[in-house]
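Presented below is the structure to which this report refers.
In the working numbering, the protein residues as written are 335 to 591.
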């Protein structure tokens with residue numbers, strides 16, 4: 335009928351990618367740094383991502399950007415842009431074997447990461463902060479600038495596995511990915527990186543024992559000489575060994591209202 339508004343198909347007929355977009359649009363409507371979705375909204379996004387499959391986003395391990403081009407050089411990582419706005423972004427990283435996304439942070443963000451296929455090692459940290467009497471928690475920073483962080487995750491993950499979530503100050507806000515096999519993962523960032531207020535910072539990871547004698551923090555007994563901690567040192571700019579190229583996203587399209 336003319337003039338009749340077209341109705342959106344029910345969720346059972348809507349692609350998982352469209353459901354993800356619609357849910358993120360509602361959950362991250364505020365779009366402010368430091369915003370943490372309530373548990374029920376975290377569950378909504380996570381449950382959609384846990385159902386997401388490589389074919390939903392047009393991926394297959396047989397695609398050329400999952401192969402090593404030159405063993406003598408760092409393998410380029412391919413990024414597929416799915417969607418971005420001021421409130422959130424959706425994107426996919428495609429890693430050939432042994433490719434590395436260096437240790438980096440997510441300032442003021444909540445991030446959902448879903449491994450679509452393959453295996454990768456993930457190491458993540460959260461900053462260590464200590465309270466001094468009634469004063470707000472302060473950072474444990476050395477005179478040379480290294481800052482103490484506690485390891486949140488240090489393990490290999492293989493698809494299918496649950497979606498991981500990090501928050502502005504917990505959950506492993508700084509993380510590094512190393513591809514054990516060809517692999518791909520989808521990221522939802524809320525809000526996304528934005529210059530200059532939410533720039534990405536990269537870090538070197540030093541063992542706790544390297545500066546243990548200079549630490550003002552008493553880790554107490556049973557910590558294994560600082561096992562589970564590290565000193566993170568800021569790097570200038572994007573690491574030269576981190577090579578990213580773009581490619582066209584060929585999965586299910588997103589329809590905006």
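Here a beta-carbon is modelled for each residue, glycine too, at the ideal position from N, C-alpha and C.
Notebook entry, point to check: Measuring CA to CA, which of 422, 421, 409 is closest to residue 428?
Noted result: One-based indexing of the chain shown puts residue 428 at position 94. Per the Cα distances, 409.
Next item on the list: Using the Cα positions of residue 375 and residue 349, report the straight-line distance between them to the nearest angstrom.
Entry: By one-based count along the chain shown, residue 375 stands at place 41. By one-based count along the chain shown, residue 349 stands at place 15. Distance between the alpha carbons of residue 375 and residue 349 is about 19 Å.
Notebook entry, point to check: Would residue 403 be called buried (16 or more neighbouring beta carbons within 10 Å of its own) or exposed?
Noted result: Locating residue 403 in the chain shown gives position 69, counting from the first residue. Exposed, because fewer than 16 other Cβ atoms sit within 10 Å of the Cβ of residue 403.
Note to self: Here's the rule: buried if 16 or more other CB atoms are within 10 angstroms of the residue's CB, otherwise exposed. What is residue 377?
What the structure shows: Indexing the chain shown from 1 puts residue 377 at position 43. Looking at its Cβ environment, which holds fewer than 16 other Cβ atoms inside 10 Å, residue 377 is exposed.
Check: Taking the alpha-carbon positions, what's the residue 579 to residue 477 distance?
Finding: Locating residue 579 in the chain shown gives position 245, where the first residue counts as 1. Locating residue 477 in the chain shown gives position 143, where the first residue counts as 1. Roughly 37 Å between the two C-alpha positions.
Next item on the list: Could you say if the stretch 420-434 and the stretch 497-506 meet the contact criterion of at least three C-beta pairs nearer than 8 Å?
Entry: no
Note to self: Check whether the stretch 510-530 and the stretch 454-461 touch, using three or more Cβ-Cβ pairs below 8 Å as the test.
What the structure shows: yes
Check: By Cβ distance, which residues of its chain are closer than 8 Å to residue 384, with the 5 residues on each side in sequence left out?
Finding: As a first step, residue 384 must be located in the chain shown, where it is residue number 50. Counting only Cβ-Cβ distances below 8 Å, and skipping sequence neighbours, we find 448, 496, 497.
Item checked: Range covered by the alpha helix (DSSP H) that runs through residue 615 -> Outside the shown range of the chain (335 to 591) lies residue 615, about which nothing can therefore be said.
Next item on the list: Give the DSSP-derived three-state secondary structure of residue 389 in the structure shown.
Entry: Within the chain shown, the letter at position 55 stands for residue 389. Here residue 389 sits in helix by DSSP.
Check: Cα-Cα, which of 459, 442, 368, 420 is closest to residue 489?
Finding: Locating residue 489 in the chain shown gives position 155, counting from the first residue. It is 459.
Notebook entry, point to check: For residue 525, is the classification buried or exposed, using 16 other Cβ atoms within 10 angstroms of its Cβ as the cut-off for buried?
Noted result: Counting from one through the chain shown, the residue named residue 525 turns up at place 191. By the 10 Å Cβ count, residue 525 comes out buried.
Check: Is the beta carbon of residue 567 less than 8 Å from the beta carbon of residue 479?
Finding: The residue you call residue 567 lines up with position 233 of the chain shown. The residue you call residue 479 lines up with position 145 of the chain shown. For residue 567 and residue 479, yes; Cβs fall inside 8 Å.
Next item on the list: Report yes if the CB atom of residue 386 is closer than 8 Å to the CB atom of residue 520, and no otherwise.
Entry: What you label residue 386 is simply residue 52 of the chain shown in a count that begins at 1. What you label residue 520 is simply residue 186 of the chain shown in a count that begins at 1. In contact: residue 386 and residue 520 (Cβ atoms closer than 8 Å).
Next item on the list: Check whether the Cβ atoms of residue 474 and residue 523 sit closer than 8 Å, and answer yes or no.
Entry: In the chain shown, counting from the first residue as 1, residue 474 sits at position 140. In the chain shown, counting from the first residue as 1, residue 523 sits at position 189. Not a contact, by the Cβ cut-off of 8 Å.
Check: residue 538 to residue 347, Cα distance in whole Å?
Finding: Position 204 of the chain shown, counted from the start, is the residue given in the question as residue 538. Position 13 of the chain shown, counted from the start, is the residue given in the question as residue 347. The straight-line gap from Cα to Cα measures roughly 46 Å.
Notebook entry, point to check: Which residues does DSSP pair with residue 517 in a beta bridge?
Noted result: One-based indexing of the chain shown puts residue 517 at position 183. Answer by DSSP bridge pairing, in chain order: 429.
Next item on the list: Give the single residue among 450, 369, 590 whose Cα lies nearest to the Cα of residue 494.
Entry: Here residue 494 is taken as the residue at index 160 of the chain shown, counted from 1. Answer by Cα proximity: 450.
Notebook entry, point to check: Going along the chain, which residues of its own chain have a beta-carbon closer than 8 Å to the beta-carbon of residue 583, five neighbours each way excluded?
Noted result: Numbered from 1 along the chain shown, position 249 holds the residue referred to as residue 583. If we look at residue 583 and ignore the five residues flanking it on each side, its Cβ neighbours are 391, 392, 414, 415, 416, 426.
Item checked: Classification of residue 570 by the beta-carbon crowding that lies within 10 angstroms, buried from 16 upward -> The count along the chain shown starts at 1 and reaches residue 570 at position 236. The residue in question, residue 570, is exposed, as its Cβ has fewer than 16 Cβ neighbours within 10 Å.
Check: Exposed or buried, residue 533, counting other C-beta atoms within 10 Å across all chains shown (16 or more means buried)?
Finding: Translated into the one-based positions of the chain shown, residue 533 becomes position 199. Classification for residue 533: exposed.
Item checked: Nearest-angstrom Cα separation, counted from residue 487 out to residue 379 -> Within the chain shown, numbered from 1, the residue matching residue 379 stands at position 45. Within the chain shown, numbered from 1, the residue matching residue 487 stands at position 153. The straight-line gap from Cα to Cα measures roughly 21 Å.
Margin query: Are the CB atoms of residue 564 and residue 542 within a distance shorter than 8 Å?
Written below: Here residue 542 refers to the residue found at position 208 when the chain shown is read from its first residue. Here residue 564 refers to the residue found at position 230 when the chain shown is read from its first residue. A contact, by the Cβ cut-off of 8 Å.
Notebook entry, point to check: What do you get for residue 585, buried or exposed, if any count of 16 or more other CB atoms within 10 angstroms of its CB means buried?
Noted result: Position 251 of the chain shown holds residue 585. When all chains shown are included, residue 585 counts as buried.
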